[in-house]
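Notes to accompany the following structure.
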Amino acid sequence: MDIVAVKSLAAAIAIGAGALGPALGIGILAGKAMEAIGRNPEASGKIQTAMILAIAFAEAVAIYALVVALIIKFA
Amino acid sequence: MEISLKPEILTSFFGIPVSNSLVLSILTTLVLTGLGFFAVASLKVIPGKLQNAVELILESILSFFASALGSREQAEKFFPLVASFFLFILFNNWLGVLPGTGSLEFRHVPLFRSANSDLNTTFALALVSVIAIQWYGVRKLGFLKHASKFFNFTHGPIQFFVGILEFIAEFAKVLSFSFRLFGNIFAGEVLLLIIMTLVPLLAPFPFFLLEFFVGFIQALVFAMLTLIFLKVATETVEH
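If you're matching them up, the sequences are chains A and B in order. Per my numbering, numbering through the first sequence is continuous, rising by one, with the last residue being 78. Per my numbering, numbering through the second sequence is continuous, rising by one, with the last residue being 353.
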């Protein structure tokens with residue numbers, strides 16, 4: 004197979020598989036945060052701040068996968 | 115349409131290569147210091163419009179940090195460093211969304227490129243952040259107590275390995291900070307470039323909004339993580 008074709012395929016697989024885990028993680032996080040806000044609407048400011056922080060951590064892993072995919076494709 | 119991970123070098127200034135992301139980060143520095151300079155040029159007790167706006171921004175950032183930390187005086191202690199991170203990254207990201215970045219060319223190379231889409235910038239910011247965390251920790255606790263968090267000989271073998279893992283995690287923090295910011299902003303640039311190549315007319319509009327939002331969130335996350343690690347580093351650990 005052509006090296007450019009293999010590179011494109013590799014980049015697609017890297018980001019495709021790498022975005023699966025973080026997406027699930029963020030969904031679970033946000034779901035639990037919604038539950039917590041529903042139970043205690045007064046604390047929603049604190050919960051929201053902590054949720055955004057935790058979502059950024061989970062998203063960072065997806066970004067690592069994206070960086071690997073970009074490196075495969077463009078370098 | 116060329117997309118390159120490395121920033122392109124434009125010229126050389128007394129032997130130092132000047133890249134297109136350096137141009138935008140110098141512009142951000144000028145904007146921020148100019149704003150600060152003009153805001154305090156004539157301080158009044160009843161503020162004029164510019165001083166009022168700057169005070170509003172800084173007061174809201176300070177109260178946000180105080181509510182995240184729980185203590186206003188700790189927020190005031192960490193405020194200069196963390197608010198500088200926040201404003202610098204925020205203005206870098208927002209200037210990188212303006213039209214002109216990526217499209218204006220200088221000898222076949224884009225003239226402007228978002229400053230945080232350059233791994234050099236984000237790595238430098240991450241290094242400053244992690245070294246500052248260690249510095250604040252050592253200054254508050256003393257060198258031996260701070261090092262005993264990582265090299266823990268008195269609480270048994272499990273705590274020793276936990277300490278070693280924490281030490282490795284400090285280096286992982288540098289990588290994590292820099293790659294999170296770099297990945298988000300660079301991927302945003304690539305996304306905007308591809309959308310404008312495919313459908314230039316009206317479709318880029320929601321993507322510009324997305325990049326605007328992502329820029330704000332990444333600045334916030336960098337500042338908040340630095341703040342929280344600073345708080346953890348300066349608190350005395352009890353078992």
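C-beta: ideal position from N, C-alpha, C; glycine also.
Within chain B, partners of residue i - CB distance below 8 Å
i	result
Leu56(A)	Val335, Met338, Leu339, Ile342
Ala20(A)	Within chain B, no residue comes near Ala20(A); the closest Cβ sits about 16 Å away, beyond 8 Å.
Within chain B, the residues that residue i reaches when beta carbons sit closer than 7 Å
i	result
Leu69(A)	Gly297, Ala301
Residues that DSSP places opposite residue i in a beta bridge
i	result
Pro224(B)	Glu219(B)
Residue i (DSSP reduced to helix, strand or coil)
i	result
Pro131(B)	strand
Leu157(B)	coil
Ile126(B)	For clarity, residue 126(B) is Ser in the given sequence; the question names Ile instead. It is a strand residue.
Pro271(B)	helix
Lys259(B)	helix
Lys120(B)	coil
Phe330(B)	helix
Thr350(B)	coil
Phe265(B)	coil
Asn43(A)	coil
Leu307(B)	helix
Pro213(B)	coil
Ser185(B)	coil
Val196(B)	helix
Pro314(B)	coil
Ala246(B)	helix
Ala61(A)	helix
Gly162(B)	coil
C-beta neighbour in chain B for residue i, strict 7 Å
i	result
Ala39(A)	no
Ile66(A)	yes
Ala78(A)	yes
Ala36(A)	no
Ala59(A)	yes
Chain A within 7 Å of residue i, Cβ atoms only
i	result
Ala182(B)	yes
Ile117(B)	yes
Phe152(B)	no
Phe293(B)	yes
Proximal chain A residues relative to residue i, where beta-carbon distance stays under 9 Å
i	result
Arg186(B)	None at all; the shortest Cβ gap to chain A is about 16 Å.
Neighbour list for residue i in chain B, Cβ cutoff strictly below 9 Å
i	result
Leu12(A)	Those within 9 Å of Leu12(A) in chain B number zero; the least Cβ separation is about 18 Å.
Ile74(A)	Leu119
Ala15(A)	The premise fails here: Ala15(A) is roughly 14 Å from chain B at the closest Cβ pair, so nothing lies under 9 Å.
Nearest residue (CA-CA) to residue i, options the options
i	options	result
Leu334(B)	Lys10(A), Phe60(A), Leu12(A), Gly28(A)	Phe60(A)
Gly24(A)	Met54(A), Val70(A), Ala63(A)	Ala63(A)
Phe285(B)	Thr311(B), Val244(B), Ala261(B)	Val244(B)
Leu307(B)	Gly256(B), Ser217(B), Leu316(B), Ser231(B)	Ser217(B)
Val196(B)	Ser156(B), Leu225(B), Ala180(B), His269(B)	Ala180(B)
Thr83(B)	His222(B), Ile117(B), Phe343(B), Glu303(B)	This structure gives no information on residue 83(B), because the portion of chain B shown stretches from 115 to 353.
Phe202(B)	Gly270(B), Thr143(B), Leu339(B), Ile309(B)	Thr143(B)
Ala236(B)	Pro271(B), Ala155(B), Leu289(B)	Just to set this straight, residue 236(B) is Thr in the shown sequence, not Ala. The shortest C-alpha separation from Thr236(B) is found at Leu289(B).
Within chain A, the residues that residue i reaches when beta carbons sit closer than 8 Å
i	result
Ser290(B)	Ala63
Residue i beta carbon near the ligand ADP (any heavy atom closer than 6 Å)
i	result
Val7(A)	As presented, the structure is devoid of all ligands, the ligand ADP included, so that no description of it is given.
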